[in-house]
Amino acid sequence: MVFSINRDNPNPTNASSLTYTVTLIQDMTGVDASDFQPPAVSGLTGASVSSVTDQCGGNPYCNIYTVVVETGSGDGTLQLNLVDNDTIKNEDGVQLEKPGDKDGSFNGQIYTIDKTIPTVAVTPITPDSRTTSVSTITIVFSEAVVLTHANLSLTRNGGANLLSGSEALNTGDNITWELSNLDSLTGSDGDYTLTVIAAGLSDAASNPVASDASDTWNKYTPAPPVIVLAKELNLTFEGNGSGQVTSKPTGIDCSNEDNSCINSFLSEVTLTSTPATGSKFDAWAGDSDCED
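For the sequence shown, the positions run 6 to 297 when this note's numbering is used.
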């Protein structure tokens with residue numbers, strides 16, 4: 006009988022070939038690749054048994070065997086199962102179980118095969134041009150990855166890393182992470198960049214994270230509002246003639262019959278005089294901030 010079929014390698018794994026140790030209750034012979042074909046797989050293509058080697062130094066009867074399995078391509082699960090075909094016998098010619106019953110079959114442990122390279126992204130800060138500090142930044146992996154402060158960098162204007170390692174770094178599933186308590190680090194004006202450094206990061210199957218990820222935003226202090234004080238223009242007519250005076254921008258539109266016109270303006274004013282028939286414009290006169 007079969008005692009165990011156990012994994013020899015870490016699990017999960019991204020390896021192209023794996024080994025199992027098959028242990029029988031007693032020394033037997035006739036153990037070969039045909040007793041394990043094909044491996045039971047889910048999601049994989051091309052998995053196969055490549056070799057079966059006894060661990061008894063060449064003795065034709067042995068109770069411990071090493072089986073090498075090629076994992077093929079894709080992600081999924083792989084299980085090495087012994088299918089009793091009545092060819093495995095002990096020194097007395099006794100088979101694993103009663104001949105013809107083939108009930109000496111045994112299912113081994115399962116490997117999880119993961120060959121997909123994980124990716125990471127920093128959720129963009131919005132708005133990315135802002136007048137307030139940033140408290141929390143979200144980081145999302147495509148699959149579970151253990152993240153530490155050693156793989157994070159927060160810089161201002163391309164300077165040194167602002168992170169001390171005391172900032173909160175939390176996750177509920179090792180996929181979505183939140184880096185928080187950043188208000189005191191991101192309150193000064195400047196261009197900030199949060200970078201996830203891929204070097205040294207990998208998933209549970211040792212697939213390395215594909216590349217760095219980052220997000221950049223700007224913190225600024227808004228300029229104080231420009232207050233423009235309105236100036237009052239008081240227009241009076243002198244002389245015996247008559248006519249009309251208008252302004253650009255609008256606001257003044259009066260004649261000598263009005264005696265005077267008053268309006269307030271926020272910008273430079275251009276006055277235009279239009280003498281009546283039989284009258285003529287002589288000149289402008291006024292304070293020192295007026296031009297003829």
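Beta carbons are placed, not taken as given, at the ideal position from N, Cα and C, and that holds for glycine. Note that the structure is predicted; figures quoted are calculated from it, not measured.
Per the C-alpha coordinates, the member of A228, G98, A45 positioned closest to P65 is G98. Under the three-state reduction of DSSP, N179 is assigned to coil, being neither helix nor strand. Residue pairing by DSSP places L49 opposite no residue, since no beta bridge is assigned to it. Residue nearest to N179 within the set L206, G291, I69 is L206 (criterion: CA-CA distance).
In this structure, V214 places its C-beta atom within 8 Å of the C-beta atom of P123. Ranked by how close their Cα comes to the Cα of S78, the residues T160, T18, L174, L159 have T18 in first place.
With distances taken between CA atoms, S47 lies nearest to I115 out of I142, N11, I115. Of all alpha-carbon atoms in K236, I267, N11, the one lying nearest the alpha-carbon of N112 is that of N11.
The closest CA to that of N16, considering only D32, N90, T82, D217, is found on T82. Rounded to whole angstroms, the gap between the alpha carbons of P227 and D220 is 22 Å. Under the DSSP assignment, L199 falls in the beta strand (DSSP E) whose first and last residues are 195-201. Between the alpha carbons of S53 and L85 lies a distance of about 10 Å.
Going by beta carbons, E237 and S269 fall inside the 8 Å limit. The DSSP-derived three-state label of D119 is coil. Within the same chain, Cβ atoms closer than 6 Å to the Cβ of C266 are found at L240, I257, C259, the five residues on either side in sequence being excluded. For E237, DSSP records a beta bridge to S269. Here D80 is near I118, since their CB atoms are less than 8 Å apart. By alpha-carbon distance to T128, the top candidate from T58, L184, A290, L276 is L184. Scanning its chain for C-beta atoms nearer than 7 Å, with the 5 sequence neighbours on each side dropped, one finds around A20 the residues N14, T76, in chain order.
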